[in-house]
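Q: If you scroll down you'll find the structure; I have some questions about it.
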Amino acid sequence: MADELEKERWTRRGFLGASSAALAAGMMTANNAAAQIQDSAQKTQGDPRRSEPVQKNPALDAQNADSVNPPPTDAGGVPTFKYPFSIAHKRVHEGGWSREVTVRELAVSKSLAGVNMRLTAGGVRELHWHTAAEWAYMLYGTTRITCIDADGKSFVGDTKEGDLWYFPPGIPHSIQGLAPDGGEFLLVFDDGNFSEYETVLLSDWMAHTPRDVVSKNFVVPQAAVEKMPHKELFIFQAEIPGPLAEDQRRAAGALGPSPIDFAFRTMQMPPTKRTKGGEVRVIDSNTFKISQNIAAAVVTVKPGGLRELHWHPNADEWQFYISGKARMTVFATGGRARTMDFEAGDVGYVLKTLPHYIENTGNTDLKFLEMFKSSYYQDLSLSEWLSHTPPELVAAHLNLDKTTLDMLPRTKAVILPE
Ligand code: MN
Ligand code: MN
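Sequential numbering of the sequence shown, starting at 165, is according to the numbering used here.
Structure representation (structure tokens):
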């Protein structure tokens, strides 16, 4: 049994060797995709247990090499923990688009959901609120966000790539694309069942309130409110807004602006940890005060680097892959484990306490986000666990000699190599 495993491992290493060669060749001939497809087919050839005599979907197979040809350490039924935004339905409007990955798309993702949204310059995600908290990461461009706090005081701010925002449940807000090309962003909600189709929208509310009541409420003649929309806007095209200071001044009115900063400039903060293998920025309510129910890490792993073997004692992890390529194995207890491959636009998910790692399998930087339904970020690493346990006890478990034990990292590296 052990021999067989060892042989499989060796064979797989051979396959991976071929893979790198094909990849390098593909790069040189600018024919990467074709090389990868051919490589994927080669991987399963020569092993009748793994070969697929009937052609399937070679492009998809090439993107999911660890599903098509799982490492021998994978075992048992582990529900899928990947969903690409590419196959999520896109709601297209004048002014932008929106698509979501929730528990309905990715069954394992019960505690968090995400929305990927694009707004053109002037495009508006209309004034609304919802029962879930909203955490956001700017992926591209610039947007203007507005809200009022629980005391009714206004917040208006501009955000650019790498910036965050956070709106607590029931806090009304809006997002609008700025010049020259609007923005694209990721929204994360602290409820897997969240839906962009079920938020409280200003236009929808007004469309479903008798016009005489609206006129009485606003103390204006009924004729003045007759032109209000009869159905929701959700996303619509408007004029590009004017200077920020002017919007801030007019929104503040006599009450003055909110003392709360609902936005966070991630890149103005130094990395929480930087190693030879990459860097991580942890943002939770310690640094971004208003973000009371979502903690996050922005992670960059260099080619060949490893987000080390670790787990999160406090919460499920919702991942979004911004760029590069990765594989992740989730060890799901009871001898079950699964490895899946990720690239830009993919969502990954890891249940609370389950061990995992993320390896950069590409030849460019891997950048991804980790989000947790928690006020604080928390992880424990395998190395810090083992290096702070009596060595004889560890040795008795793992059949490691003293020299090897002494070489284990003594602290949490987060990203390897250190
Ligand atoms: Mn919202
Ligand atoms: Mn993790």
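All C-beta atoms, glycine included, are put in the ideal place defined by N, C-alpha and C.
Should K246 be labelled buried (16 or more other beta-carbon atoms within 10 Å of its own) or exposed?
A: Label assigned to K246: buried.
Q: Could you tell me which of G341, V578, W293 sits nearest to G110, measuring between CA atoms?
A: Shown here, the chain extends from 165 to 582; a query on residue 110 therefore has no answer.
Q: Where does D570 fall in DSSP's three states?
A: Residue state, collapsed to three classes: helix.
Q: Compute the minimum distance between the beta carbon of F400 and the heavy atoms of ligand 1, and state whether it is under 7 angstroms.
A: No; taking the cut-off as 7 angstroms, the Cβ of F400 has no heavy atom of ligand 1 nearer than that.
Q: Does F353 come out as helix, strand or coil in the three-state DSSP assignment?
A: In this structure, F353 counts as strand in the three-state DSSP scheme.
Q: Any heavy atom of ligand 1 inside 7 angstroms of the beta-carbon of H294?
A: Flag set: Cβ of H294 near ligand 1.
Q: Does the count of Cβ pairs from the segment 277-285 and the segment 353-367 closer than 8 angstroms reach three?
A: Flag = yes, the segment 277-285 and the segment 353-367 touch.
Q: What span of residues does the beta strand (DSSP E) with R500 cover, start to end?
A: Segment: none, R500 is in no beta strand (DSSP E) and carries neither H nor E.
Q: Cβ of I522 within 8 angstroms of Cβ of A490?
A: In this structure, A490 lies closer than 8 angstroms to I522 by Cβ.
Q: Check the DSSP bridge columns for N524 and list the partner residues they point to.
A: Partner(s): A490.
Q: Please indicate yes or no: does the CB of D543 lie closer than 7 angstroms to some heavy atom of ligand 2?
A: For ligand 2, at least one heavy atom lies less than 7 angstroms from the Cβ of D543.
Q: Per the contact definition of three or more C-beta pairs closer than 8 angstroms, is the segment 419-437 in contact with the segment 309-324?
A: Yes, they touch.
Q: Terminal residues of the continuous beta strand (DSSP E) containing S262?
A: Looking at the DSSP string, the run of the beta strand (DSSP E) that includes S262 is 260-265.
Q: Please report how far the alpha carbon of G287 lies from the alpha carbon of S367, in whole angstroms.
A: Taking the straight line joining both Cα atoms gives about 16 angstroms.
Q: Candidates T575, H520, D510: which alpha carbon is nearest L270's?
A: Nearest of T575, H520, D510 to L270, Cα basis: D510.
Q: Could you check whether E472 and V578 sit closer than 8 angstroms to each other, using their CB atoms as the reference points?
A: In this structure, E472 lies closer than 8 angstroms to V578 by Cβ.
Q: Looking at the structure shown, is R535 part of a helix, part of a strand, or coil, going by DSSP?
A: Per the sequence presented here, residue 535 reads as Met, with Arg not at that position. Three-state result, M535: strand.
Q: Could you check if T323 belongs to the surroundings of ligand 1, using beta carbon to heavy atom distance under 7 angstroms?
A: Every heavy atom of ligand 1 is 7 angstroms or more from the Cβ of T323, so no.
Q: Could you give the DSSP three-state label for H372: helix, strand or coil?
A: If DSSP states are grouped into helix, strand and coil, H372 belongs with coil.
Q: Below 7 angstroms CB to CB, which residues in the same chain sit around T284 once its five sequence neighbours on both sides are set aside?
A: Excluding residues within five positions, the ones whose Cβ falls inside 7 angstroms are G259, G260, G341, G346, Q401.
Q: Measure the C-alpha to C-alpha separation of E168 and L224 and round it to an integer number of angstroms.
A: Low local confidence applies: a pLDDT of 47 at E168 is under 50, so the model's placement there is unreliable, with the coordinate-based value given in what follows. Cα-Cα distance, rounded: 29 angstroms.
Q: Can you check whether the CB of N457 is closer than 8 angstroms to the CB of K395?
A: No.
Q: What does DSSP give as the partner residue(s) for H257 in the beta ladder?
A: Paired residues: G260.
Q: Rounded to the nearest angstrom, how far is the Cβ of V364 from that of W475, given a contact under 8 angstroms?
A: Between W475 and V364 the Cβ distance is about 37 angstroms, and since that is not below 8 angstroms, they are no contact.
Q: Is any non-hydrogen atom of ligand 2 found closer than 7 angstroms to the C-beta of E534, if you look at the structure I gave you?
A: It does: the Cβ of E534 is within 7 angstroms (strictly closer) of some heavy atom of ligand 2.
Q: Could you give the residue range of the alpha helix (DSSP H) that holds E548?
A: Here the alpha helix (DSSP H) through E548 covers 546-551.
Q: When DSSP builds the beta bridges, which residues end up paired with H337?
A: Paired residues: H292, C311.
Q: In terms of DSSP beta bridges, what is A239 paired with?
A: A501, per the DSSP bridge assignment.
Q: Can you tell me where the alpha helix (DSSP H) holding V232 begins and where it ends?
A: Where V232 is concerned, the enclosing alpha helix (DSSP H) stretches over 229-232.
Q: With a threshold of 16 other CB atoms inside 10 Å of the CB of T310, please say whether the residue is buried or exposed.
A: Flag for T310 reads buried.
Q: Which of the three DSSP states is assigned to S367 in this structure?
A: In the structure shown, S367 sits in a helix (DSSP, three-state: H, G or I).
Q: Label A252 either buried or exposed according to how many other C-beta atoms from any shown protein chain fall within 10 Å of its C-beta, with 16 as the threshold for buried.
A: So A252 counts as buried.
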